[in-house]
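Student:
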Amino acid sequence: GLRSVWVTGPASHEQDHSLVSVEGGLYSCRQCTYVTKSKGNMKRHLRIHTGERPFQCLLCPAAFTEKRTLKDHIRTHTGERPFSCDQCNASFAMRASLVSHMRTHTGDRPFSCDKCSASFSQRTFLKAHMITHTGERPFSCDFCNASYSLKGHLMDHMQKHAGQRPFCCDHCSASFSLKTDFVNHMHTHTGERPFSCDQCSASFGQKGFLVNHMRTHTGIVFPKIN
Numbered sequence: 001g002l003r004s005v006w007v008t009g010p011a012s013h014e015q016d017h018s019l020v021s022v023e024g025g026l027y028s029c030r031q032c033t034y035v036t037k038s039k040g041n042m043k044r045h046l047r048i049h050t051g052e053r054p055f056q057c058l059l060c061p062a063a064f065t066e067k068r069t070l071k072d073h074i075r076t077h078t079g080e081r082p083f084s085c086d087q088c089n090a091s092f093a094m095r096a097s098l099v100s101h102m103r104t105h106t107g108d109r110p111f112s113c114d115k116c117s118a119s120f121s122q123r124t125f126l127k128a129h130m131i132t133h134t135g136e137r138p139f140s141c142d143f144c145n146a147s148y149s150l151k152g153h154l155m156d157h158m159q160k161h162a163g164q165r166p167f168c169c170d171h172c173s174a175s176f177s178l179k180t181d182f183v184n185h186m187h188t189h190t191g192e193r194p195f196s197c198d199q200c201s202a203s204f205g206q207k208g209f210l211v212n213h214m215r216t217h218t219g220i221v222f223p224k225i226n
């Protein structure tokens with residue numbers, strides 16, 4: 001008969017989303033139409049709804065729902081690009097990137113806008129396009145109150161501010177063009193070390209220092225850039 005089970009752990013935030021039905025040996029997600037015979041597959045699927053990303057990159061803040069996706073991501077740090085296009089000399093760290101690239105050769109545009117007739121080769125292009133319908137302007141200038149719907153338009157605007165360094169330190173003569181660089185610099189005065197290693201007790205004032213430190217744990221050697 002039909003019964004309900006918790007596929008993931010007992011944490012309350014998981015229970016709100018991960019209730020599934022089991023009938024006839026099939027696991028059915030109550031959040032969507034996904035059905036599977038495998039409990040493991042259902043666990044992985046439910047991360048789509050819960051937002052859980054248990055596979056964390058040790059070299060940057062990226063986290064993933066599946067271990068294989070993390071392995072693909074690690075190649076962006078090591079420089080390995082094993083997935084090659086057989087139509088041109090392009091190569092990629094991730095198989096999904098190759099699949100997206102191949103659409104430039106085939107002309108396939110599977111991602112369609114439901115507001116107009118536009119279609120795109122990549123989901124990210126569709127997502128950027130949808131902002132033109134919603135009026136959302138998520139890309140804001142650090143120097144003035146300008147904001148834009150597309151990142152490219154912001155980058156064009158930023159050229160007007162080239163050379164400006166509006167973020168000035170009150171403790172020394174340093175000044176910065178980017179707010180993030182200014183915030184990192186301030187840690188040298190306050191002694192704050194917000195970037196902590198999850199493998200040992202080390203902590204750092206800047207994210208870049210943590211990234212360098214993590215290599216002592218991972219053993220990853222980065223290729224030299226000529």
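Numbering (the UniProt record's numbering), first residue to last: 1 to 226. Heads up, the beta-carbon is just placed ideally off N, CA and C, and yes, glycines get one too. Note that the coordinates shown come from a computational prediction; the quantities given were computed from them, not determined experimentally.
Would a C-beta distance cut-off of 7 angstroms place His133 and Ala118 closer than the cut-off?
Tutor: Taking 7 angstroms as the Cβ cut-off, His133 and Ala118 do not qualify as a contacting pair.
Student: Return the chain-ordered list of same chain residues with a C-beta closer than 6 angstroms to the C-beta of Ser121, the five sequence neighbours on each side being excluded.
Tutor: So the qualifying residues of the chain are Arg103, Arg109.
Student: Hey, is the segment 180-190 in contact with the segment 200-216, meaning 3+ C-beta pairs nearer than 8 angstroms?
Tutor: Yes, the segment 180-190 is in contact with the segment 200-216.
Student: Which class does Gln31 belong to by DSSP, given the choice of helix, strand or coil?
Tutor: In this structure, Gln31 counts as coil in the three-state DSSP scheme.
Student: My output table needs one value for Leu70: the three-state DSSP class, helix, strand or coil.
Tutor: Helix.
Student: Write down every uninterrupted run of the alpha helix (DSSP H) in the UniProt domain "C2H2-type" (111-138) whose length is 4 residues or greater and which is fully enclosed by it, in chain order.
Tutor: If we require 4 residues or more, the alpha helix (DSSP H) runs fully inside the UniProt domain "C2H2-type" (111-138) come out as 123-134.
Student: What's the C-alpha gap between Val99 and His77?
Tutor: Looking at the two C-alpha atoms, the distance is approximately 20 angstroms.
Student: Cys60 by DSSP, collapsed to three states: which one?
Tutor: Three-state DSSP puts Cys60 in coil, outside helix and strand.
Student: Per DSSP, what kind of secondary structure is Ser21 in: helix, strand or coil?
Tutor: Ser21 falls in the strand class under three-state DSSP.
Student: Could you give the DSSP three-state label for Thr65: helix, strand or coil?
Tutor: It is coil, neither helix nor strand.
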